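Structure, as structure tokens:
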Amino acid sequence: MKHCSFIFGMIVGLAPLAYGADACGGVGVAIPDDSLPGVVVPIVVDAPGELIDAVTVDLDITHPWVGDLVVTLESPGGVVVSLLDRAGIPNTGFPGVFGCGGRDVLASFVDDASQDAETMCSTTAVPVISGLVAPGSLLSAMDGGLADGVWLLTLSDRSAYDAGTLNSVCLQITTMPACSVDFTGDGELDIFDVFAFLDAFNAMDPGADFTGDTLYDIFDVFAFLDAFNAGCA
């Protein structure tokens with residue numbers, strides 16, 4: 055154990071296990087009034103060999119009646135998540151069945167937000183949907199898929215008389231290496247991945263718990279070495 059402690063103590067400041075792949079797009083895109091299928095905005099993410107671990111979507115939309123809007127996000131793997139589906143219908147809109155009559159969206163959609171975007175409606179607040187808000191369906195449905203490629207944001211206005219504009223959309227994507235033993239994320243398995251694993255193991259990072267029992271013991275080291283020797287496809 056003294057030798058292991060010495061090795062662990064020598065390894066500091068190496069690559070983190072979590073990575074980021076952020077991308078923006080859709081500046082000044084018109085959202086046609088009362089139109090299906092609406093407008094599709096591609097967002098190109100450059101993250102080869104990385105898997106989705108978490109997604110946050112930042113939306114900036116100018117629209118006089120957000121209750122008209124349906125917004126979805128599709129990952130490169132084809133998983134579709136509802137961000138907004140006619141906010142205020144059927145229970146919190148004004149007036150009545152037409153959805154939330156407030157204007158504009160300036161919000162970050164994230165799964166663990168306490169405020170539901172679908173029920174955020176005010177007669178006075180502008181933007182009416184703002185801050186951290188929960189999407190219509192869980193963004194975590196995309197977790198584990200490939201982050202690299204073209205993401206598709208689809209926006210449609212489902213009622214007459216009001217059009218809008220997508221000012222911008224940004225994706226904040228936390229990623230993990232597609233190969234669990236490629237700890238440096240450079241696409242190669244070498245001694246630096248071993249060093250990075252030991253660093254993570256010493257810090258009790260969940261990524262180093264290869265047996266999944268939360269104990270961080272010699273069996274995790276054995277499991278890592280087995281996977282390392284097997285290589286990655």
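One point on numbering: in my numbering, the residue at position 44 of the sequence shown is 98, and numbering is uninterrupted. In this text, a Cβ means the ideal position worked out from N, Cα and C, and glycines have one as well. Model, not experiment: these values are computed from the prediction.
query: D211 versus V120, V99 and P260, residue with shortest Cα-Cα distance; result: V120
query: Distance between L138 and L123 (C-alpha atoms, nearest Å); result: 7 Å
query: Beta carbon of L207 nearer than 7 Å to that of L90; result: no
query: Validate contact between the region 101-109 and the region 223-235 using beta carbons, cut 8 Å, 3 pairs; result: yes
query: Beta-carbon separation (whole angstroms), L209 vs V81, contact threshold 8 Å; result: Rounded, the Cβ-Cβ distance is 14 Å, inconsistent with contact.
query: Cα-Cα separation, P118 to G155; result: 7 Å
query: Under the three-state DSSP convention, the category L279 falls into; result: helix
query: Segments assigned beta strand (DSSP E), at least 3 residues, entirely inside the region 199-258; result: 203-211 and 218-231
query: Residue environment, T268, which counts as buried when at least 16 other CB atoms sit within 10 Å; result: exposed
query: Rounded separation between G203 and A77 - CA only; result: 11 Å
query: Expected contact under 8 Å - CB spacing of D112 and V223 to nearest Å; result: 7 Å
query: Euclidean distance between Cα positions of A254 and D280; result: 17 Å
query: Neighbourhood of A214 by C-beta distance below 6 Å, restricted to the same chain and skipping five residues each side; result: D88
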